[in-house]
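Right, one structure below, let's go through it.
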Amino acid sequence: MNNSLEKRLEQYTLKRPQEILLVNIQILEEKDQILIFKGFSSSLMGATAADADVPLIPETAEIISIDRLLSPYNPNNPRYIQAGLSLAQMEELLTQLSV
1 MNNSLEKRLE QYTLKRPQEI LLVNIQILEE KDQILIFKGF SSSLMGATAA DADVPLIPET
61 AEIISIDRLL SPYNPNNPRY IQAGLSLAQM EELLTQLSV
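Here it is in structure tokens:
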């Protein structure tokens, strides 16, 4: 799990602590939103395990989109940097930061 997408996204937020990632995923028929901030992931729609080593984004998940937001996160007034990024677009940013 060291190089999983989730770990790479967490590393991205450690390198850019002013940013929050909101990852929209689908696992089978179930949709979820994962908020990633300063190296930690949390589900906004389901339970988050207390053990940080339990992945929230399994390898089988379909990444629908990724939003970049400014911190602090306010769900009533989100401040978007970029919305609706594809996985390929996010991969480019990860590569730029060597994550």
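In case it helps, full-length UniProt numbering puts the sequence shown at residues 1 to 99.
Here a beta-carbon is modelled for each residue, glycine too, at the ideal position from N, C-alpha and C.
Please read these numbers as outputs of a predicted model, since none were measured by experiment.
Taken in chain order, the complete alpha helix (DSSP H) segments of 4 or more residues contained in the UniProt domain "DUF7734" (7 to 94) number zero; there are none. With a beta-carbon spacing of about 4 Å, Leu-44 and Gln-33 fall inside the 8 Å limit used to define contacts. Here Leu-97 carries a coil assignment [DSSP, helix/strand/coil]. In this structure, the alpha-carbon of Leu-21 lies about 22 Å from that of Glu-29. Exclusion of the five residues before and after Tyr-73 leaves Ile-20 as the residues of its chain whose Cβ lies within less than 6 Å of its Cβ. Cβ neighbours of Glu-6 within its own chain (closer than 7 Å, five residues either side excluded): Ser-41, Pro-55, Leu-56 and Ile-57.
Annotation: Gln-11 to Leu-69 spans about 16 Å, alpha carbon to alpha carbon.
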